[in-house]
Each structure stands twice: as structure tokens, then as C-alpha cells.
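With the sequence shown counted from 1, adding 8 to any position gets you this note's numbering.
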Amino acid sequence: MNAAKIPAACAPWVRTRLRTAPGISAALAVLVLVTAFLAAAFPRSVDAYETEALRHDVTTAPPGQSVLEVTTLPPALGQPPSVREGAVREAALASAHGALAGALPGPLRADVPLSSYGVHTTKPLAAGEPWLPRPDAVPPQLTYAAPSALADHSTLRSGRWPVARGTVTLDTREVEAAVTEDTARELRIEPGSTVEVPTQRGAPLTVRVTGVVAPLHPKSGYWAIDPLLRAPSLVRDPGASTPVFYWRGTLLLPQDTGPALLATTGEPEMYWRLAPDASDLTAADVPGLEAGVATVENGPGLLELRDIAGPNTTLTTDLDAILDAYSSTRAAIGPVVTVAAVGIGAVAGVVLLMTGGLISARRHHELALLRSRGGSLRGIGGRLLAETAVAVVPAAALGLLAAVLLVREARFLPALAGAAAVAALVCAVLPLRTALLHRRPLLHGDRDDVVDARPSRGRTVAELTLLVLAAGAVAALRRRGTSTETGTDLLVSAAPVLVGLIAALVLVRLYPLPLRLAARPVARLRGAVGFLSLARAGRASSSGTLPLLALLIALTTAAFGGSVLAGVADARDGAALRAVGADARISAEGALSPLSDGFVRRVRAVDGVEDVAPVRIEYATPLAASGDVRSDTRRATLMGVEPGSYARLARGTGLPDFPAAVLGSGQRQDGVLPAVASPALAERLGGKPHTIRSQAGDIRVRVAAVLARTSAVSGSEFLVVDARRLAAPGPTTLLVTGASLDGRQLRAAAREAGAESGVRLRPAERARFVDTPMQSGAERIYGAAVVAGAGYALLAVLLSLLRTAPERGTLLARLRTMGLTTRQGRRLLAFEAMPQALLAAAGGLLVGWATIALLAPGIDLGALALAGGDPSTPHTASLRADPASLALPAAGVVALAAAVAGIQAWWVSRRGSIKELRAGDTR
Numbered sequence: 009m010n011a012a013k014i015p016a017a018c019a020p021w022v023r024t025r026l027r028t029a030p031g032i033s034a035a036l037a038v039l040v041l042v043t044a045f046l047a048a049a050f051p052r053s054v055d056a057y058e059t060e061a062l063r064h065d066v067t068t069a070p071p072g073q074s075v076l077e078v079t080t081l082p083p084a085l086g087q088p089p090s091v092r093e094g095a096v097r098e099a100a101l102a103s104a105h106g107a108l109a110g111a112l113p114g115p116l117r118a119d120v121p122l123s124s125y126g127v128h129t130t131k132p133l134a135a136g137e138p139w140l141p142r143p144d145a146v147p148p149q150l151t152y153a154a155p156s157a158l159a160d161h162s163t164l165r166s167g168r169w170p171v172a173r174g175t176v177t178l179d180t181r182e183v184e185a186a187v188t189e190d191t192a193r194e195l196r197i198e199p200g201s202t203v204e205v206p207t208q209r210g211a212p213l214t215v216r217v218t219g220v221v222a223p224l225h226p227k228s229g230y231w232a233i234d235p236l237l238r239a240p241s242l243v244r245d246p247g248a249s250t251p252v253f254y255w256r257g258t259l260l261l262p263q264d265t266g267p268a269l270l271a272t273t274g275e276p277e278m279y280w281r282l283a284p285d286a287s288d289l290t291a292a293d294v295p296g297l298e299a300g301v302a303t304v305e306n307g308p309g310l311l312e313l314r315d316i317a318g319p320n321t322t323l324t325t326d327l328d329a330i331l332d333a334y335s336s337t338r339a340a341i342g343p344v345v346t347v348a349a350v351g352i353g354a355v356a357g358v359v360l361l362m363t364g365g366l367i368s369a370r371r372h373h374e375l376a377l378l379r380s381r382g383g384s385l386r387g388i389g390g391r392l393l394a395e396t397a398v399a400v401v402p403a404a405a406l407g408l409l410a411a412v413l414l415v416r417e418a419r420f421l422p423a424l425a426g427a428a429a430v431a432a433l434v435c436a437v438l439p440l441r442t443a444l445l446h447r448r449p450l451l452h453g454d455r456d457d458v459v460d461a462r463p464s465r466g467r468t469v470a471e472l473t474l475l476v477l478a479a480g481a482v483a484a485l486r487r488r489g490t491s492t493e494t495g496t497d498l499l500v501s502a503a504p505v506l507v508g509l510i511a512a513l514v515l516v517r518l519y520p521l522p523l524r525l526a527a528r529p530v531a532r533l534r535g536a537v538g539f540l541s542l543a544r545a546g547r548a549s550s551s552g553t554l555p556l557l558a559l560l561i562a563l564t565t566a567a568f569g570g571s572v573l574a575g576v577a578d579a580r581d582g583a584a585l586r587a588v589g590a591d592a593r594i595s596a597e598g599a600l601s602p603l604s605d606g607f608v609r610r611v612r613a614v615d616g617v618e619d620v621a622p623v624r625i626e627y628a629t630p631l632a633a634s635g636d637v638r639s640d641t642r643r644a645t646l647m648g649v650e651p652g653s654y655a656r657l658a659r660g661t662g663l664p665d666f667p668a669a670v671l672g673s674g675q676r677q678d679g680v681l682p683a684v685a686s687p688a689l690a691e692r693l694g695g696k697p698h699t700i701r702s703q704a705g706d707i708r709v710r711v712a713a714v715l716a717r718t719s720a721v722s723g724s725e726f727l728v729v730d731a732r733r734l735a736a737p738g739p740t741t742l743l744v745t746g747a748s749l750d751g752r753q754l755r756a757a758a759r760e761a762g763a764e765s766g767v768r769l770r771p772a773e774r775a776r777f778v779d780t781p782m783q784s785g786a787e788r789i790y791g792a793a794v795v796a797g798a799g800y801a802l803l804a805v806l807l808s809l810l811r812t813a814p815e816r817g818t819l820l821a822r823l824r825t826m827g828l829t830t831r832q833g834r835r836l837l838a839f840e841a842m843p844q845a846l847l848a849a850a851g852g853l854l855v856g857w858a859t860i861a862l863l864a865p866g867i868d869l870g871a872l873a874l875a876g877g878d879p880s881t882p883h884t885a886s887l888r889a890d891p892a893s894l895a896l897p898a899a900g901v902v903a904l905a906a907a908v909a910g911i912q913a914w915w916v917s918r919r920g921s922i923k924e925l926r927a928g929d930t931r
């Protein structure tokens with residue numbers, strides 16, 4: 009018989025193992041799926057929010073900044089009239105528009121529907137028609153434009169659309185035009201009105217208005233780049249010695265009327281306004297975008313544009329500034345996010361190693377038997393690799409698929425690398441860890457107690473090396489922050505992980521000491537449960553560094569992530585408070601008269617208002633010249649307050665206590681008012697009286713107290729006096745406090761007083777700091793880091809307890825045969841698990857707090873917290889320890905350890921001792 013046809017003597021190894029222990033394979037697959045999903049989702053999430061932020065910044069920027077405006081002069085006067093006219097006709101302009109849009113270097117692309125082109129005059133021309141408004145007897149100055157697709161960007165309100173009659177040339181002396189509703193209302197223009205435009209040949213060009221239009225999208229680039237297209241403006245004559253104002257406006261001519269503008273004295277110009285297309289941009293396109301903008305502004309790309317539009321073509325845009333701001337924010341936020349990624353990656357790797365160790369321990373005797381019967385290390389390792397890969401590779405693929413489906417518009421290769429790294433780690437851990445333990449025969453009964461273990465020299469050298477790395481990483485992070493000139497430094501980003509690793513090694517070395525100290529008094533007690541639990545804890549394997557390392561890194565990562573979120577929230581709350589000064593602010597500093605007492609009473613009656621602090625604020629108040637003032641500063645912000653209400657406001661907003669008693673002392677006999685000053689101004693003024701020129705007259709003040717910060721103003725030098733001592737004590741600002749203010753009622757009350765524009769609410773101000781996708785995306789990642797860190801910490805506890813669960817079950821069964829009750833068994837297991845759980849919880853609290861304290865000086869959360877706020881606001885935010893993020897995961901570790909011990913004791917009591925104590929069992 010042919011030997012190749014002989015059936016196999018045994019079933020395939022992998023199939024047999026999967027059928028024998030499907031639960032272990034399924035649990036491993038689930039863990040790999042979740043970890044691979046996190047590893048693949050992180051880079052895709054970063055790509056997604058960076059891409060969304062790029063598109064957001066480009067599309068929401070003012071069109072005057074983002075649009076690429078190409079301009080050129082028409083052909084010179086020496087050219088034939090046909091050449092000059094042909095250059096500004098619709099066909100030539102449209103052809104050049106398409107060629108210019110196609111000449112932009114990728115990934116810079118033009119959004120053709122939002123782009124426009126045309127001809128306009130660059131020099132305003134005075135309109136002498138007597139019916140036009142003249143505010144200071146100065147005639148209005150008008151510009152004239154022939155934009156493309158006027159009907160597509162506006163709607164006709166009255167009259168009819170202007171059209172080009174026949175072929176418009178340099179000799180044409182009448183054209184039609186349209187005006188917007190705002191221009192028609194302010195300049196009193198209506199259909200049928202005519203305006204004469206001076207020309208170079210003497211006879212004026214008559215522009216007849218035929219219709220009034222309304223912009224469809226006033227904020228679009230078509231109308232917003234040149235605001236005069238949409239509405240006229242009342243401007244001041246810069247050459248007049250006294251304030252003189254006149255109107256500026258624009259009349260809109262139909263397409264193909266550009267030749268008529270060549271005859272005017274308005275210095276016409278051709279333009280093409282190319283709006284950038286951000287729909288397909290990704291974060292990876294930023295270097296190409298920056299290079300593309302640079303080349304068309306002042307590089308080879310500009311030469312290509314000049315070949316299309318003319319030799320005098322120029323391109324102006326602020327898109328490069330938008331990209332620079334985006335790159336700066338991205339560079340500031342990226343390293344902070346990397347810290348969270350390194351922490352979660354480290355704890356996930358340790359948990360995977362623990363899982364491999366648990367599986368290896370469960371199969372120790374099985375593989376030892378195979379090894380004793382002639383199994384080779386290569387054969388055993390190959391079989392373990394095959395059975396592991398069958399469960400792990402599909403799970404990692406499913407995790408990758410879930411990440412790709414959940415997070416769209418991101419690069420695939422980084423996600424593939426993350427999921428593949430997880431699968432490779434798990435597939436390598438179990439075969440190597442298990443097979444290498446069986447290189448030589450192992451003697452049964454060898455003890456490796458944590459109390460009696462003595463670290464080897466190699467381990468000591470490795471620990472000292474890690475200590476040096478951790479110290480260097482912490483020092484580098486404190487000195488230069490999380491980023492460098494070349495990008496993110498992974499060693500610096502790994503500082504929290506290295507601190508947790510060093511702490512775990514130190515705690516493992518110190519762990520035997522409290523056990524020895526506690527065992528002595530417990531041994532003298534009558535009960536045996538306490539002594540047995542401590543003895544069992546002391547006989548734990550000295551290789552317990554891995555579970556403790558996983559717990560400390562997980563707890564540190566969760567605490568760090570929660571502290572980052574808490575620091576961001578605190579920074580936004582503080583910035584909003586500095587901007588508003590209270591829960592709400594109603595200002596009328598620009599009003600001719602202060603806020604009335606009746607208005608103050610109406611504000612006090614609004615729902616939710618708890619207190620109102622009236623304040624009179626006079627900005628840039630001059631200081632009288634004095635030789636005693638040790639500075640050239642001669643202006644400050646003068647504030648008149650009610651001492652009692654302002655002191656309550658300071659206490660309610662968390663500011664330093666306001667010295668109300670100092671101001672309440674009133675005016676002295678020498679006519680000098682006591683004042684509270686900012687530190688810098690107090691140093692300049694000294695302790696002598698000085699004259700302040702307020703709006704109601706001069707007053708003399710003497711600095712009686714110094715206040716570092718006030719809620720009414722921020723970032724300026726200020727003087728605070730009692731408002732009752734001023735000649736004009738009426739308040740100009742109301743600082744309102746209340747937990748649940750009714751914004752509508754406040755605005756309604758302010759509207760009655762004519763101060764509607766001055767109503768500012770602190771929640772609305774705070775919302776301005778989180779209006780960018782990059783901020784919200786980074787915060788979501790940190791929120792996920794907190795959850796993942798806490799989850800991995802609990803999983804590490806569970807794996808650590810499951811590893812010794814069979815041994816504890818056998819111990820309980822044996823002790824029950826000796827009379828141990830179920831309650832005593834529960835206490836025994838709980839007391840046995842508590843030392844390590846308490847060590848991990850206390851160590852996690854301490855290490856988390858220490859890590860944040862060590863790294864806080866090097867981590868600035870300003871870009872993450874305040875990037876969407878007022879540019880004048882200082883973008884600094886410090887990291888602080890969050891008690892909830894420190895305590896909750898640590899408490900969860902202790903609670904889970906106690907719960908697992910109790911459940912196991914209950915389960916052993918239900919199974920009975922016979923099933924646990926089988927003949928020949930060596931556990």
C-alpha cells in the first residue's frame with residue numbers, strides 16, 4: 009500500500025486544541041480584537057481630526073484671507089484698441105480663469121463655483137450728481153466693477169438686470185449697472201438713476217442703474233473680499249485737518265462691459281479670485297499646500313500664472329498664514345496626544361504579556377509532559393504559534409476593519425501597522441514565553457517566594473538603566489516640553505510610562521518589608537485566617553512585577569488623561585472668567601451716559617441673578633505729570649466700585665479677597681482718596697498722592713493696597729476707588745453673578761437701556777475656546793485614554809487573580825475539610841488579595857500624583873484648551889492633578905480584587921471539596 013495514502017494516526021493539533029479549550033481562545037481573541045481596534049483607531053482618529061481641522065480652518069477663514077487673488081493690468085495704452093478691448097472681454101477673462109485654476113499646483117485646488125473674475129476700477133472716482141448724499145459736503149466716491157455671474161450670486165429686488173447693449177468698446181458712452189439694496193438705500197439710488205464717470209477722452213461715460221439686487225450669500229467670497237460690492241462705507245478723509253466723512257460705494261456692471269471701463273480714469277484692473285477647494289484636503293497635504301502657496305506667490309508657479317494672465321500678474325493671499333496657524337496648533341497638540349498614546353500602548357502591551365503568561369502557566373504541565381516525551385522546542389513553539397495565530401490573526405483583522413469603518417477619511421497604513429503590531433506581539437509572546445521555559449527540565453516544588461527572592465545582578469543593572477532613562481526623560485520634558493524642533497520625542501513622551509515602570513520595580517523590592525512587619529503581630533492572634541492570608545501573600549511568585557507594572561502604568565495613564573481634561577476645563581473656565589469678569593457682564597463704556605439706577609434694578613430682578621456689582625470703568629485715564637512717578641507710563645484704567653458688592657464678587661469668582669475696608673475709609677481731610685492699584689502701577693506711583701484726570705474732573709489718590717488681579721478688567725494697569733467719591737459715580741458696567749442666569753431676559757433688559765451689544769455671558773465666552781475640530785478630537789482621545797487605562801487596570805487585576813485561581817481553589821477545598829467555613833474562606837481570599845491590591849492602588853495614587861507633579865512644568869495645555877479663543881488671551885494652561893482621576897481607578901482595583909475573591913470563595917463552596925481534590929492532583 010502507498011504510504012502517502014495512510015490516514016493520520018491522530019487529529020490535527022490546532023483543531024484539537026481549539027475544541028478542547030474554546031473559552032481561552034475566544035477570550036484571547038476578544039482581547040486582541042479590542043486592543044487591535046484601539047491600536048488602529050488611534051492613528052486614524054488623529055488623522056481624522058487633523059483633516060477636519062484643516063478643512064475647518066480653510067473654509068471658515070474670512071474669504072479675504074483664504075482666497076487667492078490674481079490681478080493684472082490691462083494691455084498698455086500703446087497697444088491697438090482691439091488688443092486692449094479683447095483682453096478684458098468675457099471670453100478672454102473666462103478662458104484665463106479656467107487656465108489659472110488648472111495651473112495651481114496640487115494639492116492646491118480652486119473651488120470653481122465659489123470663484124469669480126472680472127474687471128474693476130482701482131481708483132475711486134468722485135460722483136458729482138447733486139442727488140447723491142454728502143454728509144460733510146463732500147461728494148461720494150464710487151468704483152465700478154464688471155464681475156462674473158452676478159445673477160448667480162444675487163437675486164433681483166426691483167427693476168431689471170443690467171445687460172450689455174451690443175458690442176461694448178472704448179468709445180461706448182453709456183452702460184447699464186445694478187446696485188445692492190444697502191448701496192441703493194444709503195446712496196439714494198433707484199432704477200433709472202444715472203451717474204457720469206469721467207473718461208480719458210473728455211466725454212463722460214454714463215452709467216444707468218437698471219436694477220437693485222440682494223446678495224444670496226453675503227459672507228461668501230464673491231461679496232466679502234471687496235465689502236464695497238455689498239454695501240457702501242462712510243469713511244473719513246485722511247487729508248482733512250478736521251473730521252470729514254464721505255461715502256464710498258460700488259456700481260455693478262454686466263459682464264463684457266470691461267472695454268468701457270478702460271476709457272475711464274479709474275485705473276481699471278483685471279482680477280481672478282480663486283477660492284481654495286478644501287473638500288478633498290487631508291492633514292498629509294499640508295506640506296504640499298504650503299509649498300504650492302509659496303510657489304504661486306513668489307516662485308516658479310507665479311511665472312506660469314504670468315504666462316496665462318500677463319507679465320504684470322501678481323497673486324496675493326493669506327492662505328499661508330492660515331496654514332502656519334494650523335501647523336502651529338497641530339505641533340503644540342500632537343506631542344500632548346502622543347503622551348496618552350504611549351501610555352495606553354504600554355499598558356496594553358503589558359496586559360497582552362500577562363495574558364500570554366496566564367495561558368503559559370495553565371499549560372505548563374501539558375507542555376512539560378510533551379517535552380519529557382521527546383518534543384522539540386521548535387516543534388512545540390510551532391504548534392503554539394499555529395493555534396495562537398488561528399485565533400489572533402482574524403481577531404486583529406476584525407479590529408482593523410472596525411477601526412476603518414468607524415473612522416473614515418484617514419490613512420490606512422498606520423492603522424494596519426498598529427493592528428499588525430498587536431497580532432505579532434501576541435503571536436510571538438505565547439510560543440516564546442512558553443517554549444523557552446522548557447529549555448531544561450524543571451524540578452517540582454521549587455519555591456520562588458516574593459519574601460525570600462533576591463534580585464540578580466542583571467536585574468539590578470536593568471533597573472538602574474531604566475532609572476537613568478526615566479530621570480533623563482523627566483528632566484528633558486520639564487526643560488523643553490513635549491515637542492522639539494524635529495517633532496515629537498518618543499523618549500520624552502514615554503516619561504509617564506518610565507516613571508510607572510521605575511515605581512513598579514521599587515514597590516516590588518519594598519513589598520516584602522510590610523509583609524514581614526505585619527506577619528509578626530498577626531501570628532500571635534488566635535485566628536488562623538489572618539496568618540494564612542499573609543503567609544499566602546508572602547509565598548506569591550517573585551515574578552509579580554508584570555501585574556504591578558500593568559496596574560501602575562494603567563492607573564498613571566488614567567490619572568494623567570483625567571488631569572489633562574481637568575486642566576483644560578480649568579483653563580477655559582479661568583479664561584472665560586478673565587474675559588467676562590463674572591457670570592455675566594453688561595457694558596456701556598462707550599455710551600454718553602452711564603447706566604441708570606432703574607436699569608440696575610431691572611437687572612437685579614432677572615431670574616437667576618444672585619448679585620450685581622455696579623462698576624464705573626474709564627479706560628486710558630491720564631495721570632497728571634509728576635516727578636514722583638518712576639516711569640514714562642501716563643495712563644491707567646480707573647475703576648469706581650461699590651466696595652461691598654465688589655468684595656462679594658471677588659469671593660464668589662475665586663479671586664483674591666478685595667480690601668473693601670481700605671476704600672470704605674472714605675475721603676481724607678487732605679482730599680486724597682485711598683485707592684487699590686495693580687502691582688506694576690503701585691510700584692510706579694509709590695506711596696505719595698497723585699492726580700488722576702477722570703472724565704468728571706481731576707481727583708487725587710494715594711495707593712493704599714495692592715491687588716494682583718481684578719475681575720472688571722484684565723491685562724492692564726488699574727486703580728480702584730470708591731465710586732461714591734467720584735464726581736460722576738454712575739456705573740458703566742454691571743458684573744452679574746448667578747448659577748442659572750436667563751440670558752434672554754438680560755438681553756431684553758439691556759436692549760431697553762441701549763446696551764444690547766455689551767451683554768456677555770460666561771458660558772458663551774467659554775464655548776469660544778472649543779470651536780476647532782483639532783481641540784475636540786484631542787479631547788476625545790484623552791477621554792478614551794482615561795477609559796482604556798481604567799479598563800486595562802481592572803483587566804490586569806483580573807488576570808493576576810485568575811492566574812492563581814486554581815491554586816486558591818484547591819487551598820480552600822483542603823481547608824474546608826479541616827473545618828473552614830464559607831465566611832472564613834471568603835475572608836482568607838480577600839485578605840490574601842488585599843496586600844497586592846492595596847499596594848497597586850496606593851502606588852497608583854502616589855505615582856500618578858508624582859508623575860503629574862514632575863511633568864506639569866513641561867506640559868502646556870494652552871493650545872489644547874484655548875486655541876479657539878480671543879488671540880489677546882494668553883494661551884497658557886497648566887497641568888494639575890485631578891482627585892477623581894486618581895482615586896476612582898485605584899478604588900476600582902481594590903473593589904475588583906475583593907469581589908473576585910468573594911466570588912471564588914462562593915463558587916468553591918458550591919462545587920464542593922470532592923471535585924477540587926482529585927487523586928494525583930499536585931496543585
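Every residue, glycine too, gets a C-beta built ideally from N, C-alpha and C. Computed from a prediction, not measured in an experiment: that's the story for all the values here.
Whether L657 touches T629 by CB criterion (8 Å): no
Buried versus exposed call for P343 [16 or more other C-beta atoms within 10 Å across all chains shown]: buried
Distance between P51 and I14 (C-alpha atoms, nearest Å): Any reading at I14 needs caution, since the residue's pLDDT is 49, under 50, leaving its predicted position unreliable; the model's value is listed next. In a straight line, the C-alpha of I14 is about 52 Å away from that of P51.
Nonlocal neighbours in the same chain, by C-beta distance under 7 Å from A644, ignoring five residues either side: T629, L631, L689, E725, F726 and L727
Three-state secondary structure assigned by DSSP to S197: According to the sequence shown, residue 197 is Ile rather than Ser. If DSSP states are grouped into helix, strand and coil, I197 belongs with coil.
Inter-residue spacing [alpha-carbon to alpha-carbon] between V709 and P622: 21 Å
Minimum length 4: unbroken alpha helix (DSSP H) runs contained in the region 834-879: 870-874
Per DSSP, cross-strand counterpart(s) of F726: T645
Residue burial classification, M782 (beta-carbon count within 10 angstroms, cutoff 16): buried
Closest residue to L41 among R381, G569, A432 and S90 (Cα-Cα distance): A432
Buried or exposed by the 16-neighbour rule on C-beta atoms within 10 Å, applied to S336: exposed
Cβ-based burial, M826 [other Cβ within 10 Å; buried from 16]: exposed
Per-residue DSSP class, three states only, for M278: strand
One or two residues paired with P682 in a DSSP bridge: R710
heavy atom of the ligand SAH below 7 Å from A756 C-beta: Among the ligands in the structure shown, none appear at all, so the ligand SAH cannot be discussed.
CA-to-CA distance, D615 to Q753, given in whole angstroms: 8 Å
For G136, the nearest candidate out of V203, T859, E93 and V617 (CA to CA): V203
Status (buried if at least 16 other CB within 10 Å, exposed otherwise) for E5: What is shown of the chain runs 9 to 931, which leaves residue 5 out entirely.
G453 (DSSP reduced to helix, strand or coil): With a pLDDT of 49 at G453, under the threshold of 50, the predicted position of this residue should be treated as unreliable, and no value is reported.
For E182, the nearest candidate out of G353, P113, H105 and A268 (CA to CA): A268
G219 - DSSP class collapsed to helix/strand/coil: strand
Residue range of the beta strand (DSSP E) that includes F253: F253 to L260
Reduced DSSP category for G7 - H, G, I as helix; E, B as strand; rest coil: No statement about residue 7 is possible, as the shown extent of the chain runs from 9 to 931 and does not include it.
Beta-carbon contacts of E764 that lie in its chain and below 7 Å, excluding the five residues immediately before and after: Any reading at E764 needs caution, since the residue's pLDDT is 47, under 50, leaving its predicted position unreliable; the model's value is listed next. Closer than 7 Å at the Cβ level, and outside the excluded window around E764, lie R755 and A758.
DSSP three-state assignment for I233, whether helix, strand or coil: coil
Exposed unless 16 or more other CB atoms sit within 10 angstroms - verdict on T859: buried
Nearest-angstrom Cα separation, counted from L803 out to L846: 16 Å
V176 - DSSP class collapsed to helix/strand/coil: coil
C-alpha distance - L224 paired with S53, whole-angstrom precision: 36 Å
Cβ shell of S748 (< 6 Å), same chain only, five flanking positions each side left out: G616
R142 burial status per 10 Å Cβ neighbour count (16 or more: buried): exposed
Beta-carbon contacts of D65 that lie in its chain and below 6 Å, excluding the five residues immediately before and after: I330 and Y334
CB of P891 within 8 Å of CB of G852, strictly: no
C-beta contact flag for G364 and V437 at 8 Å: yes
Candidates T661, A410, R659 and A655: closest to L671 by CA position: A655
8 Å Cβ cutoff met for V301 and T325: yes
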